[in-house]
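Here's the structure, in structure tokens; my notes come after.
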Amino acid sequence: MPQYDLLLKGGHVIDPANNVDSVMDVAVAAGKIAALGKDIPAGQARKVVDVSGLYVTPGLIDIHYHVGHGGAPLDWFTPQARVHLLPLGIPADLALTSGVTTIVDAGTAGADTFQLEKEEVIDRAQVRVLAFLNIVANGMEGGLEQSVDQMDAKLCAETIKKYPNIIVGVKTAHYWTEGPWDGEHTPWAAVDNAIACAEAAKAPVMYDFWPRPERSYSDLILKKARPGDIHTHVFAQQFPILLKDGKINPILAEARQRGVYFDVGHGAGSFWFRNAVPAAKQGFVPDSMSTDLHTGDYRTVSMTNVLSKFRAMDVPLNDLIRRSTVNPAREIHRPELGTLSIGKEADIAVLEELHGKFGYIDCGYAKMNADVQIVARLTVRAGRIAYDPSGIGMIEWEKARPQYFNNPSEGNSAPATAEDSPHH
Ligand SMILES: [Zn+2]
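Each number in our numbering comes from the position in the sequence shown (counting from 1) with 29 added on.
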């Protein structure tokens, strides 16, 4: 009996956690990474996939995602429903098509709706789903993110402690971007409540933020945010990323010195080339790549689309992989993820770097021409092939075993698959 279930042969392995960046084979057994080596014999594996010319990396981690339907009230489409908007989130497993094996729902659910999100989505997904809990008990679906009395720091912290294996932090978002301040709506109410919850739960905060004269961006990242907290949507239109002379705003480096992390959180409204390109050119690349996938943007944005944009800005691929594996794992305090270390769960992405004529768009409907694109060719989740659209891990149909050619209506043919393989 071969000792490995799956052998990815001849790929260029990039595993920043272990400083691996060279051509190597990766072997999987019993759902775990079993071996990395220069020439692991093909005979030692039940299934061998030739990945030469491709990059083999740890499964990517997208720490800003919105799962469908993410704690939305089950009656959302009935006349009695409080809101009739289409639920914000999208299917969790769509992430697998981009080489992503771990997603973190960014506050779609709060304390009152998390149980529903867990039962409907998290417990059923093939992709690993973790979550930031919205400081607002009702989460994002109920239209209550403006209600300060819904921000219950104690309930939030209790809920985080109840699900230590799933909830990784607190999220605050969308709070009072325009309305006049009043007794209830003070400038920092959402941020302060999120921090109070995070202090009690000993967890990081992810900030979605809108600066106003009474609450500046520099106060958020230099005073309010604690070391280990994350500012997401960093290249959104509303942040002073560049000074008047085009130089990068020094508060970003100062905040980094303090231990604050910056996350892409691209989404439908939070990524402008006018901020991203000059920043990247001056050496400021966000600590973590992420999509902010929700119903507003999933037709264009994906993790590989985000990586492609930064690759087109000349960020080296191995650096992008670090910012999609080790870095986000550190931000959510899950160092066991985002690595190909022996014995770890076998979450693997096989990526290809294409060269040709490509175009990318931002949230201001501006375009950037490029000559490079990153695409996902194979995704392995817990040792099983979860995504393989071009069949690089499959046998040619003419070579399939006899039962593949059977007509099930004539009986006696299951399973009608071409071979036994670790595909889902
Ligand atoms: Zn979001």
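The C-beta atom is built at its ideal place from N, Cα and C for all residues, glycine as well.
Item: Identify, in the order they occur along the chain, each residue of the same chain with its Cβ nearer than 7 Å to the Cβ of alanine 121, setting aside the five sequence neighbours on each side.; Value: Val96, Ile132, Val150, Ala154, Val156 and Val158
Item: From the DSSP secondary-structure annotation, give me the bridge partner or partners of proline 87.; Value: Ile377
Item: Reducing DSSP to helix, strand and coil, say where lysine 3 ends up.; Value: Residue 3 cannot be examined here, being either before or after the span of the chain that is shown, 30 to 453.
Item: Quick test of your reading: lysine 183 and valine 220, contact by CB under 8 Å. State the CB separation rounded to the nearest angstrom.; Value: Incorrect: roughly 17 Å between the Cβ atoms, too far for contact.
Item: Is the segment 377 to 396 in contact with the segment 423 to 436, if contact means three or more CB pairs nearer than 8 Å?; Value: no
Item: At the level of alpha carbons, what is the spacing between glutamate 382 and tryptophan 210?; Value: 49 Å
Item: If you run the structure through DSSP and keep just helix, strand and coil, what is alanine 140?; Value: coil
Item: For aspartate 343, name the three-state secondary structure that DSSP assigns.; Value: coil
Item: Quick test of the definition: if touching needs 3 or more C-beta pairs under 8 Å, does the segment 336 to 351 touch the segment 131 to 145?; Value: no
Item: How about the segment 75 to 89 and the segment 347 to 362: do they share at least three Cβ pairs that are nearer than 8 Å?; Value: yes
Item: With DSSP collapsed to three states, give me the class of isoleucine 371.; Value: coil
Item: Mark threonine 206 as exposed unless 16 or more other C-beta atoms lie within 10 angstroms of its C-beta, in which case mark it buried.; Value: exposed
Item: Tell me which residues share the same chain as leucine 37 and place their Cβ nearer than 6 Å to its Cβ, disregarding the 5 neighbours each side in the sequence.; Value: Val55, Val78, Val80 and Val85
Item: Is it buried or exposed for arginine 328, if we count other Cβ within 10 angstroms and need 16 for buried?; Value: exposed
Item: Taking the straight line between their C-alpha atoms, what separation do you get for proline 431 and alanine 227?; Value: 58 Å
Item: As a quick exercise: from Asp181, Val42 and Arg352, pick the residue whose alpha carbon is nearest that of glycine 66.; Value: Val42
Item: Under a three-way DSSP split, which group does leucine 125 fall into?; Value: helix
Item: Around the Cβ of serine 419, are there at least 16 other Cβ atoms within 10 angstroms (buried) or fewer (exposed)?; Value: exposed
Item: Taking DSSP as the reference, what is the three-state secondary structure of isoleucine 151?; Value: helix
Item: Measuring alpha carbon to alpha carbon, tell me which residue in Gly312, Asp134 and Ser319 is nearest threonine 333.; Value: Ser319
Item: Tell me the rounded alpha-carbon separation between alanine 140 and phenylalanine 161.; Value: 11 Å
Item: Between proline 437 and the rest of its own chain, which residues show a CB-CB distance below 8 Å, the 5 nearest in sequence each way excluded?; Value: Ala443 and Ala445
Item: Report the residue from Leu83, Pro70, Arg352 and Pro45 whose alpha carbon sits nearest the alpha carbon of isoleucine 403.; Value: Leu83
Item: Ignore the nearest five residues each way along the sequence and tell me which others in methionine 53's own chain have a CB closer than 7 Å to its CB.; Value: Val42, Leu65, Gly66 and Lys67
Item: Using CA atoms only, rank isn't needed, just tell me which of Asp152, Thr130 and Val197 is closest to asparagine 163.; Value: Val197
Item: Check whether the Cβ atoms of histidine 262 and aspartate 237 sit closer than 7 Å, and answer yes or no.; Value: yes
Item: Closer than 5 Å is what we want: which residues have a beta carbon that near any heavy atom of ligand 1? List them in chain order.; Value: Ala135 and Asp321
Item: Residue ranges of each alpha helix (DSSP H) run of no fewer than 4 residues wholly in the segment 264 to 347, ordered along the chain?; Value: 279 to 286, 302 to 310 and 332 to 341
Item: Quick one: Cα of glycine 294 to Cα of leucine 125, how far?; Value: 18 Å
Item: Judging by CA-CA distance, which residue of Gly208, Gln311, Ser127 and Glu427 is the nearest neighbour of serine 337?; Value: Ser127
Item: If you draw a straight line from the alpha carbon of isoleucine 195 to that of alanine 135, how long is it in whole angstroms?; Value: 12 Å
Item: Helix, strand or coil: which one does DSSP assign to glycine 72?; Value: helix
Item: Look at the alpha carbon of alanine 309 and the alpha carbon of arginine 363, and state the distance between them as a whole number of angstroms.; Value: 27 Å
Item: For valine 129, tell me which candidate among Asp316, Glu283 and Ile414 has the shortest Cα-Cα distance.; Value: Ile414
Item: Per DSSP, arginine 430 is paired with what?; Value: BP columns for arginine 430 are empty, so no partner.
Item: Which class does isoleucine 132 belong to by DSSP, given the choice of helix, strand or coil?; Value: strand
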